[in-house]
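Chemist: Note that my numbering has the sequence shown beginning at 1, numbered continuously upward.
By construction, the Cβ of each residue, glycine as well, lies at the ideal position given by its N, Cα and C atoms.
Computed from a prediction, not measured in an experiment: that's the story for all the values here.
Following this message is one structure expressed as structure tokens.
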Amino acid sequence: TVTGEIGLVDKDPQKSSVKVDIDMGSLYADEAKLKIHLKSQEFFDVEKFPKSTFQSRKAKKGDDFEITGELTLHGVTKAISFPAKIEVADDRIAVTSEFTINRMDFGIKYPGMADDLIRNEVVLKLNVAAVRPK
Numbered sequence: 001t002v003t004g005e006i007g008l009v010d011k012d013p014q015k016s017s018v019k020v021d022i023d024m025g026s027l028y029a030d031e032a033k034l035k036i037h038l039k040s041q042e043f044f045d046v047e048k049f050p051k052s053t054f055q056s057r058k059a060k061k062g063d064d065f066e067i068t069g070e071l072t073l074h075g076v077t078k079a080i081s082f083p084a085k086i087e088v089a090d091d092r093i094a095v096t097s098e099f100t101i102n103r104m105d106f107g108i109k110y111p112g113m114a115d116d117l118i119r120n121e122v123v124l125k126l127n128v129a130a131v132r133p134k
């Protein structure tokens, strides 16, 4: 479950901001055992850290936009930057992005087994469409 707010100023992402709240308890995985494991103390520790947030600080225009802000995950807040395609229309805004973060930077240090597929770099994919309230 993700909620948030976009403060769109003059239809210009460079003047605007976004705040996102993620209910970590809503985490989904195809396998029930994996879902339980990801919510455990070994990974996200959802009981102790039930919410993650992202607050943008700036958007810089290049070929695409570069969004910079603060991500709080697993009780750790770090500055991150990532590329994004942003499309603004009169009544909606759409954002798509794919980037990586290092889970170790956020204190998620589960080592896994010798042949596990667990990696330190985690791919995040965003596909957001927001409609302006009337």
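1) Could you name the residues that DSSP lists as bridge partners for residue 97?
2) Quick check on DSSP: helix, strand or coil for residue 75?
3) Indicate whether the contact test is met: 3 or more Cβ pairs, each with one atom in the segment 34-41 and one in the segment 52-65, closer than 8 Å.
4) What is the residue span of the beta strand (DSSP E) that residue 29 lies within?
5) At a cut of 8 Å, does the segment 74-93 reach the segment 102-112 through at least three beta carbon pairs?
6) Label residue 124 either buried or exposed according to how many other C-beta atoms from any shown protein chain fall within 10 Å of its C-beta, with 16 as the threshold for buried.
7) Report yes if the C-beta distance between residue 66 and residue 83 is below 7 Å; otherwise report no.
8) Check each candidate in 11, 10, 20, 15 and name the one with the smallest Cα separation from residue 128.
9) Just how far apart, CA to CA, sit residue 24 and residue 12?
10) Which residues mark the beginning and the end of the beta strand (DSSP E) in which residue 50 is found?
11) What's the gap between the Cα of residue 94 and the Cα of residue 122?
12) What did DSSP end up calling residue 43 once you bin it into helix, strand or coil?
13) To the nearest angstrom, how far is it from the Cα of residue 92 to the Cα of residue 101?
14) By a C-beta neighbour count over all protein chains shown, 10 Å radius and 16 as the cutoff for buried, is residue 132 buried or exposed?
Modeler: With the given structure in hand:
1) Within the sequence shown, residue 97 is the residue found at index 97, counting from 1. Bridge partners of residue 97 according to DSSP: 126.
2) The residue labelled residue 75 in the question sits at position 75 within the sequence shown. The three-state reading of DSSP puts residue 75 in coil, since its state is none of H, G, I, E or B.
3) no
4) Position 29 of the sequence shown, counting from 1, holds the residue named residue 29. Segment: none, residue 29 is in no beta strand (DSSP E) and carries neither H nor E.
5) yes
6) As a first step, residue 124 is located in the sequence shown; it is residue number 124 there, counting from the start. So residue 124 ends up on the exposed side.
7) Along the sequence shown, read from residue 1 onward, the residue named residue 66 stands at position 66. Along the sequence shown, read from residue 1 onward, the residue named residue 83 stands at position 83. Yes; because the gap between Cβ atoms is below 7 Å, this pair is in contact.
8) Looking up residue 128 in the sequence shown gives position 128. The shortest Cα separation from residue 128 among 11, 10, 20, 15 belongs to 20.
9) As a position in the sequence shown, residue 24 is number 24, starting the count at 1. As a position in the sequence shown, residue 12 is number 12, starting the count at 1. Rounded to the nearest angstrom, the two C-alpha atoms are 31 Å apart.
10) Indexing the sequence shown from 1 puts residue 50 at position 50. Annotation for residue 50: no beta strand (DSSP E) segment contains it, and DSSP assigns it neither H nor E.
11) By one-based count along the sequence shown, residue 94 stands at place 94. By one-based count along the sequence shown, residue 122 stands at place 122. Their Cα atoms are separated by approximately 23 Å.
12) Stepping through the sequence shown from its first residue, residue 43 is reached at position 43. Coil, per DSSP.
13) Your numbering for residue 92 matches position 92 in the sequence shown. Your numbering for residue 101 matches position 101 in the sequence shown. One C-alpha to the other measures close to 28 Å.
14) Here residue 132 refers to the residue found at position 132 when the sequence shown is read from its first residue. With fewer than 16 other Cβ atoms within 10 Å, it is exposed.
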